[in-house]
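Its first residue numbered 34, the sequence shown is counted upward by one per residue in the working numbering.
Please read the structure below before turning to the comments.
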Amino acid sequence: MKGMWWKILGVFLVLYAIVGGLLIEVPRLPILNETIRNLYFHVTMWFSMIILLTASLVHSIQYLSSGSLERDTRATETASVGILLGLLGVITGSLWAKFTWGAYWVNDPKLNGAAITILIYLAYNILRGSLEDPKKRARISAVYNIFAYVLLIVFLIILPRVTDSLHPGNGGNPAFSTYDLDNN
Numbered sequence: 034m035k036g037m038w039w040k041i042l043g044v045f046l047v048l049y050a051i052v053g054g055l056l057i058e059v060p061r062l063p064i065l066n067e068t069i070r071n072l073y074f075h076v077t078m079w080f081s082m083i084i085l086l087t088a089s090l091v092h093s094i095q096y097l098s099s100g101s102l103e104r105d106t107r108a109t110e111t112a113s114v115g116i117l118l119g120l121l122g123v124i125t126g127s128l129w130a131k132f133t134w135g136a137y138w139v140n141d142p143k144l145n146g147a148a149i150t151i152l153i154y155l156a157y158n159i160l161r162g163s164l165e166d167p168k169k170r171a172r173i174s175a176v177y178n179i180f181a182y183v184l185l186i187v188f189l190i191i192l193p194r195v196t197d198s199l200h201p202g203n204g205g206n207p208a209f210s211t212y213d214l215d216n217n
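What follows is the structure, encoded as structure tokens:
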């Protein structure tokens with residue numbers, strides 16, 4: 034029990050976030066209304082995905098420098114959870130888009146980049162499953178993971194900022210800067 038305090042804390046924090054995201058009072062904004070609650074989940078899933086895929090990149094680089102299969106396992110597991118959060122982010126974003134933009138999917142550079150990025154990381158899992166030798170699988174997967182992360186930066190960070198986007202804060206969209214989001 035002594036070494037599990039962080040797991041218990043993690044469970045309580047997740048439960049608190051879910052209950053709080055669904056029950057706390059939110060500002061009544063034009064168009065958004067109750068859909069603003071999605072921001073408590075959708076945005077944090079994407080930030081968490083990027084953090085986990087960054088950790089996966091670090092573990093892949095550490096594997097290439099040390100040859101430790103433990104680093105390969107950590108790279109794989111963090112990438113898998115990152116992919117799950119990315120898929121959940123796309124689902125929650127699609128639900129929010131239906132209420133906000135009128136369609137589940139619109140031709141937006143950030144949406145398309147997110148879909149391409151998730152497909153690239155799903156291919157990472159397929160690549161890992163197709164190789165039998167653990168050392169070869171780890172080495173090839175680590176190199177692929179590095180290239181996948183470079184593409185993540187291109188598709189999720191660079192391209193949406195240089196083109197017009199429906200997403201708040203990108204491509205000339207003013208984000209929520211004109212709205213009062215502090216519940217007052």
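For each residue, glycine too, the CB sits at the ideal point set by N, CA and C.
Around the beta-carbon of Ala181, 16 or more other beta-carbon atoms lie within 10 Å, marking it buried.
By the criterion of at least three beta-carbon pairs nearer than 8 angstroms, the segment 117-125 is in contact with the segment 151-163. Linking Asn71 to Asp141 through their CA atoms gives a straight-line distance of about 19 angstroms.
In its chain, beyond the 5 residues on either side, Ser127, Leu128, Ala130, Lys131 have a beta carbon closer than 8 angstroms to the beta carbon of Tyr137.
Under the three-state reduction of DSSP, Trp134 is assigned to coil, being neither helix nor strand.
Closest in alpha carbon position to Glu103, among Val44, Leu189, Ser89, is Ser89. Approximately 5 angstroms separates the beta-carbon atoms of Gly146 and Leu189; this is inside 8 angstroms, confirming the contact. The beta carbon of Lys40 sits closer than 7 angstroms to none of the beta carbons in its chain outside the five residues before and after it. Going by C-alpha positions, Tyr49 is about 19 angstroms away from Met37. Considered as a whole, the segment 117-169 harbours 142-163 as its complete alpha helix (DSSP H) runs of no fewer than 4 residues, in chain order. When the Cα atoms are used, Leu42 and Lys35 turn out to be separated by approximately 12 angstroms. Assigned with DSSP and collapsed to three states, Gly115 falls in helix.
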